[in-house]
Amino acid sequence: MRQKPTRAQDRAARLHREALNCLAIAVKEEEVDHTAQLIDEALKLAKRSRELSGVE
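Converting from the sequence shown to this note's numbering requires adding 441 to each position, the first position being numbered 1.
See below:
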């Protein structure tokens, strides 16, 4: 039987999706500075997602 995800797991999944969205937008972005900001944000979101899911 599958267990209900915890709040931390839900948040980790949401942060992971947001990180992927940032990267998808960054790939299409023409302005280099904005691209860099989006990639930095994606890295922060992915790191926090890993922390919440217990994967280091």
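Just so it is clear, CB atoms sit at the ideal spot from N, CA and C, and this is done for glycine as well.
Item to check | Whole-Å CB distance - Ala449 paired with Leu493, under 8 Å assumed | outcome: As a position in the sequence shown, residue 449 is number 8, starting the count at 1. As a position in the sequence shown, residue 493 is number 52, starting the count at 1. Between Ala449 and Leu493 a beta carbon distance of about 5 Å is seen, short of the 8 Å cut, so the two are scored as contacting.
Item to check | Leu479 classed as buried or exposed, judged by whether at least 16 other C-beta atoms fall within 10 angstroms | outcome: Taking the sequence shown and counting its residues from 1, one reaches residue 479 at position 38. Its Cβ being crowded by 16 or more others within 10 Å, Leu479 is buried.
Checklist entry - Are there 16 or more other CB atoms within 10 angstroms of the CB of Leu461, so buried, or fewer, so exposed? => result Here residue 461 corresponds to residue number 20 of the sequence shown, with the count starting at 1. Residue environment analysis places Leu461 among the exposed positions, since fewer than 16 neighbouring C-beta atoms fall within 10 angstroms of its C-beta.
Next on the checklist: Please return the same chain residues whose Cβ sits closer than 8 Å to the Cβ of Glu470, not counting the five positions on each side in sequence.
Outcome noted: As a first step, residue 470 is located in the sequence shown; it is residue number 29 there, counting from the start. Excluding positions up to five away in sequence, the list reads Thr476, Leu479.
Next on the checklist: Could you give the first and the last residue of the continuous alpha helix (DSSP H) run that contains Gln444?
Outcome noted: Along the sequence shown, read from residue 1 onward, the residue named residue 444 stands at position 3. Here Gln444 belongs to no alpha helix (DSSP H), and DSSP marks it neither H nor E.
Checklist entry - Under a Cβ-count criterion, where at least 16 other Cβ atoms within 10 Å of its own Cβ denotes burial, should Leu456 be classed as buried or exposed? => result As a first step, residue 456 must be located in the sequence shown, where it is residue number 15. Using a 10 angstroms sphere on the CB of Leu456, the tally of other CB atoms reaches 16 or more, which defines it as buried.
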